[in-house]
Amino acid sequence: MLDGSIGLWGLFVSAFISSTIAPGGSEVLLGYMVAEKTFNTETMVLVATIGNTLGAFTTWYLGVLAAKKFPAEHLLSEKKQKSLSWVKQWGVWALLFSWLPIVGDGLCFAGGWLKLPLIYSGVAILIGKGIRYIFVAYIFI
């Protein structure tokens, strides 16, 4: 069993890393911790959601930085430009799917690149990631 706040910090770090460009296994860790009843389930879901959302903000901000130096039309292949146009079309609503593996990081990056409003982007990302972690916890209860 994980001891004290070290377990929650570990979950936070795992969730943060999972939401950046580096792969991670925060869902597996959350599932294990829920199954072992390490902490209150709601607390673990909240910690994982906040960590994952902050990681997504990191990726979003990298998109903002990239947009300053590289215009999308010159940098991206035609296929990737279609993905970018999808985010242009749906706007902040596309970020509700930021929880998806592989695609979610790209959506956050595109959101920053397109300079979608930070507050609305954050709410959409938080909702999407929160629903995912609630679902994961529910499976292991």
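Residue numbers (this note's numbering): 3 to 143.
For every residue, glycine included, the Cβ atom is placed at its ideal position computed from N, Cα and C.
A quick note: this is a predicted structure, and the numbers were derived from the prediction, not measured.
Assign residue i to one of two classes, buried (16 or more other C-beta atoms within 10 Å of its C-beta) or exposed (fewer than that).
i: residue 144; result: This structure cannot speak to residue 144, because the chain is shown only from 3 to 143.
i: residue 67; result: exposed
i: residue 88; result: exposed
i: residue 141; result: exposed
i: residue 126; result: buried
Taking the alpha carbon of residue i as the point to measure from, which residue in the options has its own alpha carbon closest?
i: residue 124; options: 137, 88, 73 and 54; result: 54
i: residue 72; options: 114, 13 and 10; result: 114
i: residue 36; options: 10, 21 and 24; result: 10
i: residue 108; options: 60, 70 and 143; result: 60
i: residue 91; options: 57, 112, 52 and 132; result: 112
i: residue 129; options: 70, 102 and 16; result: 102
i: residue 132; options: 26, 41 and 52; result: 52
i: residue 98; options: 116, 58 and 69; result: 58
i: residue 169; options: 28, 138 and 56; result: Lying before the first or after the last residue shown, residue 169 is absent from the chain, which here runs from 3 to 143.
i: residue 27; options: 105, 50, 127 and 8; result: 50
i: residue 2; options: 13, 105, 21 and 8; result: The displayed coordinates of the chain run from 3 to 143. Any statement about residue 2 would go beyond what the structure contains.
i: residue 104; options: 24, 86 and 18; result: 24
i: residue 40; options: 19, 65, 8 and 18; result: 8
For the putative contact between residue i and residue j, defined by C-beta atoms under 8 Å, what is the C-beta separation to the nearest angstrom?
i: residue 31; j: residue 135; result: So it is not a contact: roughly 11 Å between Cβ atoms.
Please return the same chain residues whose Cβ sits closer than 7 Å to the Cβ of residue i, not counting the five positions on each side in sequence.
i: residue 143; result: 36 and 43
i: residue 93; result: 118
i: residue 3; result: Because residue 3 carries a pLDDT of 48, less than 50, the predicted location of this residue cannot be relied on, and the following value inherits that uncertainty. 38 and 40.
i: residue 100; result: 58, 106, 109, 110, 127, 130 and 131
i: residue 19; result: 26 and 57
Skipping 5 residues on each side, what residues in its chain have a beta carbon closer than 8 Å to that of residue i?
i: residue 63; result: 114
i: residue 69; result: 114, 115, 116 and 117
i: residue 139; result: 32, 33, 36, 43, 46 and 47
Hey, is residue i close to the ligand ADP, as in C-beta under 7 Å from one of its heavy atoms?
i: residue 26; result: Among the components modelled here there is no ligand, and therefore nothing to report on the ligand ADP.
Which residues in the same chain have their Cβ closer than 6 Å to the Cβ of residue i, if we skip the five residues on either side of it in sequence?
i: residue 16; result: 26, 28 and 31
i: residue 21; result: 54, 57 and 58
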